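Notes follow the structure.
Protein chains in written order, with this note's numbering: chain A, 1 to 298; chain B, 1001 to 1345.
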């Protein structure tokens, strides 16, 4: 195994991991604040990809503007989902929210099929993003480098926001104890909407990056990658932001190594591997790497 | 034994089912019989899911995985022996000459699914709530990958076609009745009350001496058995199977049926299943004529969301319709509390 090959695998792992991390952070944040596994989160990725298609390829806006626009759109969409589907049920049993999110997810996928057709369509980014660079024996496209850098910047920004701003502190307080937070004068619904907005923005960004790499988009593209990102969130410990990022990169590396090191015949088992890993993690480390144990009270 | 109102109601229900099956077999076209058959199979699946998910509170989305196992096992067993050789080359020699009739094959499919449930249940059932749901979704994906890759046994992504059309309305009615009978008897037994206790408060149930691991595994396995049977009936009704036949959208459909019927209500789940089958079949021509693919799923998803927002307990809550229940005081005590009564307590 040459050094170039190894570097190539590391780069692939970083790119896939960046994608998982972006989506997993949203899962974790939303779970942390409303104890809801939001299945529709993966479909925000899909909407982000389609939005990118329009903004980047049809209107030809520059990349930075497209990133901002796609993220804004994802944030608005996620807040809208919260407002319409989840807010009316606050306080209902957890499982209701979960079933609702499954319903929203199926709704979005099929609206996508209805309005945009179920046929995959090509997604070809401008040439300079797809050009190859040689990096110590490994090949990497500009888009992949952009993916890695943008992800790290965005995650850094998110951490600063959650740690330092008033709204971020309000979010953390709500996650800790919604009733107490409300008594302290925190606008709980606004904190929750913020979590959805941030999660949605990151998911939509992930959609743009994912579509650019995959080269095609279709209305069902978000679901299984979304589920895998949930696995990443579980690995890191659902509810922990740092954990979600860590879990995202770990899962990215694990998947790349699984495909890269085993004979090609096993490549088609990669989805089975990821979900097998989920069951294993939940058994050995039910709270993930950085999650806190959920207390059980009668 | 004195004849009571609920005896009459059950008698009417059974007679209605028999009449429907007889009339359907005699008078309906092949397509109509298939739709009616699917309504019955969905009703059976929804009832078994309502038992394990609704009554026990195990939020499993794994029914399609168990259907996949049941369907493939049964189809391989009934497959015409003269075509087995070249269609399924990896089949062991001693199995290649087998060509089972429907009933034992269905049973074998159910048992295979139940075995998978026991094996998968040990790790998976220790998970709670949404973790269980995602892990069982993972089970569907894992199984699909395995079946896709075992092409010598399953023909992989090509799917099995030319499965004999053995399933008729009588078989479906029979299995539906058996499923309802078993789930109903269990629901109103001490087992059912243990399961309900687990749903309401798992720790309190454990404190009262309910063997929760065993009870959960039993409910999960029973649900899986009927899912396997459902998969087998499905395979011999449609005569073809692909790894994508039993997908996440199907898991969603079944959950919708249980939620709309009311979690834990067997009759509710059955009624919702039949209604949704007919509704989606009625919308299908519209979907095709308008080229509006996805319409059926959109309507079902909207129904679900509306139900959860407006009437989260479903049509029947956890209860069964009163006219099907014995009216003696003794039996009244055994019925699970309705939501209104729960609030009073």
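All C-beta atoms in this analysis are idealised placements derived from N, C-alpha and C, irrespective of residue type, glycine included. Nothing here was measured: the structure is a model prediction, and the numbers come from that model.
Q) Hey, would you say the C-beta of residue 1081/B is under 7 Å away from at least one heavy atom of the ligand HEM? A) The ligand HEM is not among the ligands present in this structure, which contains no ligands whatsoever.
Q) In this structure, what does DSSP give as the bridge partners for residue 1144/B? A) Taking the second chain and counting its residues from 1, the one referred to as residue 1144/B is at position 144. Within the DSSP bridge table, the entry for residue 1144/B names no partner.
Q: Please determine if the segment 225-241 of chain A and the segment 13-20 of chain A are in contact, where contact requires at least 3 C-beta pairs separated by less than 8 Å.
A: yes
**Q.** Neighbourhood of residue 236/A by C-beta distance below 8 Å, restricted to the same chain and skipping five residues each side
**A.** As a first step, residue 236/A must be located in the first chain, where it is residue number 236. Hits under 8 Å: 24, 28, 242, 243, 244, 245, 246, 247, 248, 250, 288, 289, 290, 291.
Q) Which chain A residues are close to residue 1124/B, counting only those with a beta carbon under 7 Å from its beta carbon? A) Counting from one through the second chain, the residue named residue 1124/B turns up at place 124. Result: 279.
Q.
What does the alpha-carbon distance come out to for the pair residue 1280/B and residue 1298/B?
A. Taking the first residue of the second chain as position 1, residue 1280/B is located at position 280. Taking the first residue of the second chain as position 1, residue 1298/B is located at position 298. So the alpha carbons of these two residues sit roughly 10 Å apart.
Q) Taking buried to mean at least 16 other C-beta atoms within 10 Å of its own C-beta, is residue 1216/B buried or exposed? A) Start at 1 with the first residue of the second chain, and residue 1216/B comes out as number 216. By the neighbour-count rule (16 or more Cβ atoms within 10 Å), residue 1216/B is buried.
**Q.** Stretch-stretch touch, CB-based, cutoff 8 Å, three pairs: the segment 1250-1261 of chain B with the segment 1090-1106 of chain B
**A.** no
Q: Consult DSSP for residue 165/A and reduce its assignment to one of helix, strand or coil.
A: As a first step, residue 165/A must be located in the first chain, where it is residue number 165. Note: residue 165/A maps to coil in three-state DSSP.
Q | Where residue 1033/B falls, given that 16 or more other Cβ within 10 Å makes a residue buried | A | Within the second chain, residue 1033/B is the residue found at index 33, counting from 1. Answer is buried; the Cβ neighbour count reaches 16.
(Q) At the level of alpha carbons, what is the spacing between residue 1049/B and residue 1258/B? (A) In the second chain, residue 1049/B corresponds to position 49, counting from 1. In the second chain, residue 1258/B corresponds to position 258, counting from 1. Between residue 1049/B and residue 1258/B, the C-alpha separation is close to 7 Å.
Q) Going by DSSP, what residues sit across from residue 140/A in a beta bridge? A) If you number the first chain from 1, residue 140/A lands on position 140. Its beta-bridge partners are 133/A.
Q.
In the DSSP assignment, the alpha helix (DSSP H) including residue 1027/B goes from what residue to what residue?
A. Along the second chain, read from residue 1 onward, the residue named residue 1027/B stands at position 27. For residue 1027/B, the uninterrupted alpha helix (DSSP H) run begins and ends at 1005-1027, by DSSP.
Q. So is residue 205/A in contact with chain B if we call contact Cβ pairs under 8 Å?
A. Reading the first chain from its first residue, position 205 is the one you call residue 205/A. So, not an interface residue.
Q: For residue 1007/B, count neighbouring Cβ atoms within 10 angstroms of its own Cβ and tell me buried if that reaches 16, exposed if not.
A: Locating residue 1007/B in the second chain gives position 7, where the first residue counts as 1. By the neighbour-count rule (16 or more Cβ atoms within 10 Å), residue 1007/B is not buried but exposed.
Q: Measuring only between beta-carbons, confirm whether residue 92/A sits less than 8 Å from chain B.
A: Stepping through the first chain from its first residue, residue 92/A is reached at position 92. Yes, residue 92/A lies at the interface with chain B (some Cβ there is under 8 Å from its Cβ).
Q) If you count every other CB in all the chains shown that lies within 10 Å of the CB of residue 210/A, and 16 or more means buried, which is it? A) Start at 1 with the first residue of the first chain, and residue 210/A comes out as number 210. By the neighbour-count rule (16 or more Cβ atoms within 10 Å), residue 210/A is buried.
Q | Minimum C-alpha distance to residue 1249/B - residue among 159/A, 272/A, 105/A, 166/A | A | As a working mapping, residue 1249/B is identified with position 249 in the second chain. Closest by alpha carbon: 105/A.
Q) Would you say residue 252/A reaches chain B, if we count a Cβ-Cβ gap shorter than 8 Å as a contact? A) Within the first chain, the letter at position 252 stands for residue 252/A. By this cut-off, residue 252/A is not an interface position.
Q. Closest to residue 1197/B by CA distance: which of 1055/B, 1093/B, 1294/B, 1028/B is it?
A. The count along the second chain starts at 1 and reaches residue 1197/B at position 197. It is 1055/B whose Cα lies nearest to the Cα of residue 1197/B.
Q: Report the three-state DSSP secondary structure of residue 1160/B (helix, strand or coil).
A: Taking the first residue of the second chain as position 1, residue 1160/B is located at position 160. Of the three classes helix, strand and coil, the one that applies to residue 1160/B here is strand, per DSSP.
(Q) Comparing C-alpha positions only, which one of 1043/B, 1278/B, 1066/B, 1029/B sits nearest to residue 1172/B? (A) Counting from one through the second chain, the residue named residue 1172/B turns up at place 172. Closest by alpha carbon: 1043/B.
Q | Sheet register partners of residue 121/A (DSSP bridge) | A | The count along the first chain starts at 1 and reaches residue 121/A at position 121. DSSP, once it has assigned bridges, lists 217/A as partnering residue 121/A.
**Q.** Residue interval of the alpha helix (DSSP H) (run including residue 56/A)
**A.** Here residue 56/A refers to the residue found at position 56 of the first chain. Careful: residue 56/A lies outside any alpha helix (DSSP H) and carries neither H nor E.
Q: Return no unless some Cβ of chain A is closer than 8 Å to the Cβ of residue 1031/B.
A: What you label residue 1031/B is simply residue 31 of the second chain in a count that begins at 1. Chain A, which has no Cβ nearer than 8 Å to the Cβ of residue 1031/B, makes this no.
Q) Taking the C-alpha atoms as reference points, what is the distance between residue 1012/B and residue 1020/B? A) In the second chain, the residue the question calls residue 1012/B occupies position 12. In the second chain, the residue the question calls residue 1020/B occupies position 20. Their Cα atoms are separated by approximately 12 Å.
Q. Beta-carbon separation of residue 216/A and residue 120/A under 8 Å?
A. What you label residue 216/A is simply residue 216 of the first chain in a count that begins at 1. What you label residue 120/A is simply residue 120 of the first chain in a count that begins at 1. Closer than 8 Å, so yes.
(Q) With DSSP as the reference, identify every bridge partner of residue 1240/B, one or two as the case may be. (A) Taking the second chain and counting its residues from 1, one reaches residue 1240/B at position 240. Residue 1240/B is bridged to 1161/B.
Q) Looking at the C-beta of residue 1142/B, does it have a partner C-beta in chain A at a distance below 8 Å? A) Mapped onto the second chain, residue 1142/B falls at position 142. It does: the Cβ of residue 1142/B has a partner Cβ on chain A nearer than 8 Å.
Q. Would you say residue 298/A faces chain B, with C-beta separation under 8 Å as the test?
A. The residue you call residue 298/A lines up with position 298 of the first chain. Confidence in residue 298/A is poor, its pLDDT being 43 and thus under 50, which makes the residue's placement too unreliable to answer from.
Q. By DSSP, does residue 184/A sit in helix, in strand, or in coil?
A. Residue 184/A sits at position 184 when you count from the first residue of the first chain. In this structure, residue 184/A counts as coil in the three-state DSSP scheme.
Q. Pairing CB atoms from the segment 187-195 of chain A with CB atoms from the segment 52-67 of chain A, are three or more of them under 8 Å?
A. No, the segment 187-195 of chain A does not touch the segment 52-67 of chain A.
Q | Continuous beta strand (DSSP E) assignments of at least 3 residues falling wholly in the segment 1188-1241 of chain B | A | none
Q: With 8 Å as the threshold, decide whether the Cβ of residue 1002/B is near any Cβ in chain A.
A: By 1-based counting over the second chain, the position of residue 1002/B is 2. Answer no: the Cβ-Cβ gap between residue 1002/B and chain A never drops below 8 Å.
Q) If contact means a Cβ-Cβ distance below 8 Å, which residues of the segment 1245-1257 of chain B contact chain A? A) Cβ contacts with chain A come from 1248, 1249, 1252, 1255, 1256.
Q: Report yes or no: do the segment 1064-1074 of chain B and the segment 1216-1232 of chain B share at least 3 C-beta pairs separated by less than 8 Å?
A: Flag = yes, the segment 1064-1074 of chain B and the segment 1216-1232 of chain B touch.
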